[in-house]
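Heads up, the thing below is written out as structure tokens.
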Amino acid sequence: MRPGWITVLLLGAVAVAIAFQRQELLALIVALEQARLVPVLGAIGCQLGFFVLMIALHATAFAAVGAPVRARVLAPVWFTSLFLNLTVPGTGATAFVADATRRGVAPARATAALLVVRVCDLATFGVVLLAGLVTLWLHGALRPAELLAALGLLVLIGLWGGGLVLAHRELARLERLLAGMERLARGRLPAGWGAEQARHASESAGELFAQPRRLLAPLCLALAAHVADLFCLAFLSRAFGLHLAPGTVLAAFSVGLLFWIVAVTPDGLGAVEGMMTVTFVSLGVPVVKAAAVTLAFRGLALWLPLAVGAVLHLSRLRLHPRSDLGVRVLSGLTALMGLTNLISATLPALGLRLSFLRNHLPLEVRYGSRLATVLAAFALFLLAQGLLRRKKLAHRLAIVAVVLSVVAHLSKGLDWEEAVLGLGLLTMLWSQRTKFIARSDGPTIHQGVRVLVGALGFTLVYGILGFWLLDRHFAYDFGFRAALEQTLAMFFSFSDPGPLPVTRFGRWFTESIYTVGATTLGYALFTLLQPVLLRQRATPTEQLRAKTIVEAHGCSSLARFVLFSDKLYWFSAGGSVVGYALVGRSAVALGDPIGPTDDIAAAITGFVAFCTENDWEPAFYQTLPDHLDAYQAAGLQALGIGSEAVVDVASFTLAGRAVKSLRGGVGRLRKAGYTAEVLSPPYSPELLRQLKAVSDDWLHQQHGGEKRFSLGWFDEAYLNDGPLAVVHDADGTLVAFANVIPEYQKSESTIDLMRRRRDAESGVMDLVFVTLFEWAREQGFATFNLGLAPLSGVGQDADDPLVERVLNLVFRSGGRFYSFEGLHAYKKKFLPTWEPRYLIYRSSLALPQAAAAVVRADNPGHSLRFFTIAKKIKPVGTNSPSGDALLSGNPP
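Take any residue in the sequence shown, note its place counting from 1, add 697, and you have its number in the numbering used here.
Written as structure tokens, this is what we have:
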């Protein structure tokens, strides 16, 4: 299971735990509100000291087994282990083992260190427990439950200590035990894992037993940690007005910690609260006070480190390129914070807190803070989407909005619960700041700021003039200053907005001020988060650089199309180029990166990073199968979209039964006086005029305009750049043509524009191809590429992805809109080999956007007409004259 999904499950487990303990948490909040501040601060200080001592205990334990590590390195690991251990009991140790493995420490040594921690912790607690049980016995309050739990503790101490002894003295038995675990893993563990781990454990235990003094520091630290925890409980009892004897505090602490250790529930949930409260009551403490002290102690000793561990665990997420889990979690938490703001703003403040604020803050500040909470909520909702897209500006604005939320929650009602949630989110946002790299569009940002300032100014003037000139609609005679104050009050206060309107128009006017303000803020945030928009084409220098690279390394049927004027270029440091079109928020690259073979993987990764930085969704259209591993390594997915038909011109012949229909059609046209030839540039103006007439007739037949991106368009300069295959009828009229384009470093030729007159004889394009095959053979080419047959060969196997199997169904039954099978059958009669092509995209959620971007790139200005045009195309068969027009593999 991926680490990201494990984290999701852990968070779900925490949610379940909190749900079951929600009454405890609510009671904790009420209890803490009744406590005195100074003793609470003392308890917090003791608890922080406990944290420090426990982290130091782990550091000394690692040093004791020969794997020294600094305490500050182990601090986040320790908090994370608490979080893991509560959500999935027994998994806390995995955090230490994983961290040790990253540092090059054998897992067995890490396990030995944790054994030392556990033994020292339990042994020193045994001393504390003994004193507590004696106190209970002297007061006649010792119950069988405490004795049974103490017995269970002794068993645990024996098991943990026995593990160290086994590693030191019974190496052969330990090897057999670990070898059995290795066999149970059934190949998931490397060969010899059991023997290696047994050796490391034996070495660690040997070092420990050779120098027993190494246990002195861990034992002292463990005892000091328990003392700090004990003082924390003592301070909390003072915070609730209790002046308890040390023995009472010691007894309650030892019983509570005992059931924390031996209870079957995670971290003793329920058992600790019950037994510690019962112990206090049995020693004469009022039940309400006992419960309050217990809940406060659990809040500091359990829930506080749990929250820290959850935040640290999320902040330590390693984002795999294929997974945006950490970013998605932050986006979701930001939206939840916005929802929390809204709910909190609608709820009244608690009486005790409100009384405190009345003595320290003016009414305007409290009302203004409530408005600020709502505005921050609105901003957080909008910014959550920007965070999901890794927007750098959204991240900065979210930090500002969260800081505003924290301050507003405290000043509107001392709502420290919401403030703590905000501080936790603020910590996560700061720790994940390097993940937010996407830029926003500069000119659009400036436009948004101008609109914001202008609209706010307009609203201010609008409000002032309205209140000043329309005061007859209000129960007040507004002067200029009063109109200004009233307008500002409506923007920055939730209090009584002042004089109420007395007419319908007056009510409409006041509502319109709020409407203008909210619309302005929303539009400004929307424009601030727009992706980078390129407002210029590739420069001549970039075009020349791209041409040099393509001519040196191009080896596909799409290489020539990369040099068309509709492309933008990204260049890698290793000498590769990616030709792409920017469609909305999608950057669609045509084919694979072109460049040195050893730089392709780096070029893919670099282009994806470039797109992420600009808030674009990357996609690669019609890629070869050669680099699928590189795309997968970059966190991308592949979808089969069809196959290119490639003819071996050396072996192609019109002889044989397989090409009987093709031979008959070509022979019929030649007997009818049709001639075909391949011409070389330059071409005469008269020929170009005839080509333009054929092209216009063909475009009219297709119910659409010229294509772009993965196809060329009629341009005299472009046609003069390479050979042309032309067909004349018996009267010498030009009826069809196709232009030939190079594939540079590949011994293959291909075509782009293939156009004919509507009244041309059926099979005229067959004559064009046969002529081109013969020409290519004479020119020394090995193969001839007939272009893409969409959906051909896609989803034919049962184990293919579901999307590809659905596309296969479209291929077989979609003839009503586009004859995929007809096009495949037409190309099949030339006896080609089929080479698969792919659409590369980031994720399943991004696939529809990538597909739509390809359609829009190929059909600029006509994407909305695509399906209407497709419906007008009649299904074609293998001999249909309309089938020739579809050789490009792109819907007309």
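Just so you know, even glycine gets a beta-carbon here, dropped at the ideal spot from N, CA and C.
A quick note: this is a predicted structure, and the numbers were derived from the prediction, not measured.
Beta strand (DSSP E) segment containing LEU939, residue limits:
As a position in the sequence shown, residue 939 is number 242, starting the count at 1. Counting along the chain, LEU939 falls outside any beta strand (DSSP E), and DSSP gives it neither H nor E.
Distance between PRO736 and LEU833 (C-alpha atoms, nearest Å)
Within the sequence shown, the letter at position 136 stands for residue 833. Within the sequence shown, the letter at position 39 stands for residue 736. So the alpha carbons of these two residues sit roughly 26 Å apart.
Alpha helix (DSSP H) segments (min. 4 residues) lying fully within the stretch 912-980:
913-936, 943-959, 968-979
On a Cα-Cα basis, can you pick out the residue from LEU1544, ILE1438, GLY1339, PHE1478 that is closest to ARG1509?
Translated into the one-based positions of the sequence shown, residue 1509 becomes position 812. The shortest C-alpha separation from ARG1509 is found at GLY1339.
Going by beta carbon distance, what residues of the same chain come within less than 7 Å of ILE1297, once the five residues before and after it are set aside?
Numbered from its first residue, the sequence shown carries residue 1297 at position 600. If we look at ILE1297 and ignore the five residues flanking it on each side, its Cβ neighbours are SER1273, ASP1289, PRO1290, HIS1324, ALA1327.
Residues that DSSP places opposite LEU1537 in a beta bridge:
Counting from 1 along the sequence shown, the entry for residue 1537 is found at position 840. Residue identity differs from the one stated: residue 1537 is Ile in this sequence, not Leu. Partner(s): PHE1317, ALA1335.
Reference PRO1439; option with closest CA among GLY742, VAL1247, ASP1456:
Position 742 of the sequence shown holds residue 1439. The candidate whose alpha carbon is nearest that of PRO1439 is VAL1247.
Identity of the residue in ALA1554, ASN1482, HIS1092 nearest GLY1276 by Cα:
For the purposes of this step, residue 1276 is taken as the residue at position 579 of the sequence shown. When each option's Cα is compared against that of GLY1276, the closest is ALA1554.
In the structure shown, what three-state DSSP assignment does VAL985 receive?
In the sequence shown, counting from the first residue as 1, residue 985 sits at position 288. VAL985 falls in the helix class under three-state DSSP.
Does DSSP classify PHE1563 as helix, strand or coil?
For this step, residue 1563 is matched to residue 866 along the sequence shown. Because PHE1563 carries a pLDDT of 41, less than 50, the predicted location of this residue cannot be relied on, and no value is offered for it.
Taking the alpha-carbon positions, what's the GLU1341 to ARG1386 distance?
Here residue 1341 corresponds to residue number 644 of the sequence shown, with the count starting at 1. Here residue 1386 corresponds to residue number 689 of the sequence shown, with the count starting at 1. Approximately 32 Å, taken between the alpha carbons.
Entirely within the stretch 731-805 and at least 4 residues each: give me those alpha helix (DSSP H) ranges in chain order.
With a minimum length of 4 residues, the unbroken runs of alpha helix (DSSP H) contained wholly in the stretch 731-805 fall at 734-761, 768-784, 789-799.
Just grab the DSSP bridge partners of GLY1276 for me.
Taking the first residue of the sequence shown as 1, we reach residue 1276 at position 579. According to DSSP, GLY1276 bridges with TYR1266.
Quick check: what's the CA-CA separation for THR1597 versus SER1253?
Residue 1597 is absent from the structure shown; the chain starts at 698 and stops at 1589.
Just tell me which of ALA772, THR1372, PHE950, ALA1547 has its CA closest to the CA of VAL1465.
Taking the sequence shown and counting its residues from 1, the one referred to as residue 1465 is at position 768. Checking every option, the nearest Cα to that of VAL1465 belongs to THR1372.
Neighbour-count burial assignment, PHE1177, 16 or more Cβ in a 10 Å radius
Residue mapping note: residue 1177 aligns to position 480 of the sequence shown, counting from 1. PHE1177 should be labelled exposed.
Straight-line gap, GLY1419 to LEU1431 (C-alpha atoms, nearest Å)
Start at 1 with the first residue of the sequence shown, and residue 1419 comes out as number 722. Start at 1 with the first residue of the sequence shown, and residue 1431 comes out as number 734. Rounded to the nearest angstrom, the two C-alpha atoms are 18 Å apart.
Indicate the three-state DSSP secondary structure (helix, strand or coil) for ASP818 in the structure shown.
Here residue 818 corresponds to residue number 121 of the sequence shown, with the count starting at 1. Reduced to three states, the DSSP call for ASP818 is helix.
Do you know offhand how far ALA760's Cα is from ALA1249's?
Indexing the sequence shown from 1 puts residue 760 at position 63. Indexing the sequence shown from 1 puts residue 1249 at position 552. Roughly 59 Å separates the two Cα atoms.
As an exercise, report each continuous beta strand (DSSP E) stretch of at least 3 residues that is fully enclosed by the stretch 1325-1374, in chain order.
Listed in chain order, the complete beta strand (DSSP E) runs (minimum 3 residues) inside the stretch 1325-1374 are 1334-1345.
Is it buried or exposed, SER1541, if we count other Cβ atoms within 10 angstroms and call 16 or more buried?
Start at 1 with the first residue of the sequence shown, and residue 1541 comes out as number 844. The residue in question, SER1541, is exposed, as its Cβ has fewer than 16 Cβ neighbours within 10 Å.
Would you call the stretch 967-984 and the stretch 940-948 touching, i.e. three or more CB-CB distances under 8 Å?
The stretch 967-984, when compared against the stretch 940-948, does touch it at the 8 Å Cβ threshold.
Extent of the continuous beta strand (DSSP E) to which GLU1445 belongs
The count along the sequence shown starts at 1 and reaches residue 1445 at position 748. Counting along the chain, the beta strand (DSSP E) containing GLU1445 begins and ends at 1445-1453.
Beta carbon of PRO1378 nearer than 7 Å to that of ASN1417:
Within the sequence shown, residue 1378 is the residue found at index 681, counting from 1. Within the sequence shown, residue 1417 is the residue found at index 720, counting from 1. Yes; because the gap between Cβ atoms is below 7 Å, this pair is in contact.
At a Cβ threshold of 7 Å, is PRO1439 touching chain C?
Of the protein chains in the structure, only one exists, and it is not chain C.
Are the beta-carbon atoms belonging to MET972 and THR991 less than 7 Å from one another?
Here residue 972 corresponds to residue number 275 of the sequence shown, with the count starting at 1. Here residue 991 corresponds to residue number 294 of the sequence shown, with the count starting at 1. Contact flag unset, no.
On the DSSP bridge list, what partners appear for VAL1285?
Position 588 of the sequence shown holds residue 1285. The partner list for VAL1285 (beta bridge, DSSP) reads ALA1278, ALA1316.
Using CA coordinates, which residue listed in HIS1397, TRP1395, ALA1547, GLY1519 is at the minimum distance from LEU1336?
Along the sequence shown, one-based indexing puts residue 1336 at 639. Cα-wise, what sits closest to LEU1336 is ALA1547.
Quick check on TRP1611: does DSSP put it in helix, strand or coil?
There is no way to answer for residue 1611, as the model of the chain reaches only from 698 to 1589.
Just the C-alpha distance for LYS1264 and LEU1003, rounded to the nearest angstrom, thanks.
Residue mapping note: residue 1264 aligns to position 567 of the sequence shown, counting from 1. Residue mapping note: residue 1003 aligns to position 306 of the sequence shown, counting from 1. Straight-line measurement puts the Cα of LEU1003 at about 53 Å from the Cα of LYS1264.
In whole angstroms, what separates the C-alpha of LEU1366 from that of GLU1458?
As a position in the sequence shown, residue 1366 is number 669, starting the count at 1. As a position in the sequence shown, residue 1458 is number 761, starting the count at 1. Straight-line Cα distance between these residues: approximately 8 Å.
Taking the C-alpha atoms as reference points, what is the distance between PHE932 and GLY742?
Counting from 1 along the sequence shown, the entry for residue 932 is found at position 235. Counting from 1 along the sequence shown, the entry for residue 742 is found at position 45. Those two C-alpha atoms are separated by around 10 Å.
From ALA1390 to GLU1413, what does the alpha carbon distance come to, in whole angstroms?
Within the sequence shown, residue 1390 is the residue found at index 693, counting from 1. Within the sequence shown, residue 1413 is the residue found at index 716, counting from 1. For ALA1390 and GLU1413, the distance between alpha carbons rounds to 13 Å.
Check this for me: beta carbons of ASN1505 and GLY1492, under 7 Å apart or not?
For the purposes of this step, residue 1505 is identified with residue 808 of the sequence shown, where counting begins at 1. For the purposes of this step, residue 1492 is identified with residue 795 of the sequence shown, where counting begins at 1. Yes, the pair counts as a contact, with Cβ atoms nearer than the cut-off.
Taking C-alpha atoms, which residue in VAL1552, ASP1112, ALA1270, LEU1260 lies nearest to TYR1441?
Residue numbering aside, residue 1441 sits at position 744 when the sequence shown is read from its first letter. Between TYR1441 and the set VAL1552, ASP1112, ALA1270, LEU1260, the nearest pair of CA atoms involves LEU1260.
For the beta strand (DSSP E) that LEU1255 lies in, which residues bound it at each end?
For the purposes of this step, residue 1255 is identified with residue 558 of the sequence shown, where counting begins at 1. For LEU1255, there is no enclosing beta strand (DSSP E), as DSSP gives it neither H nor E.
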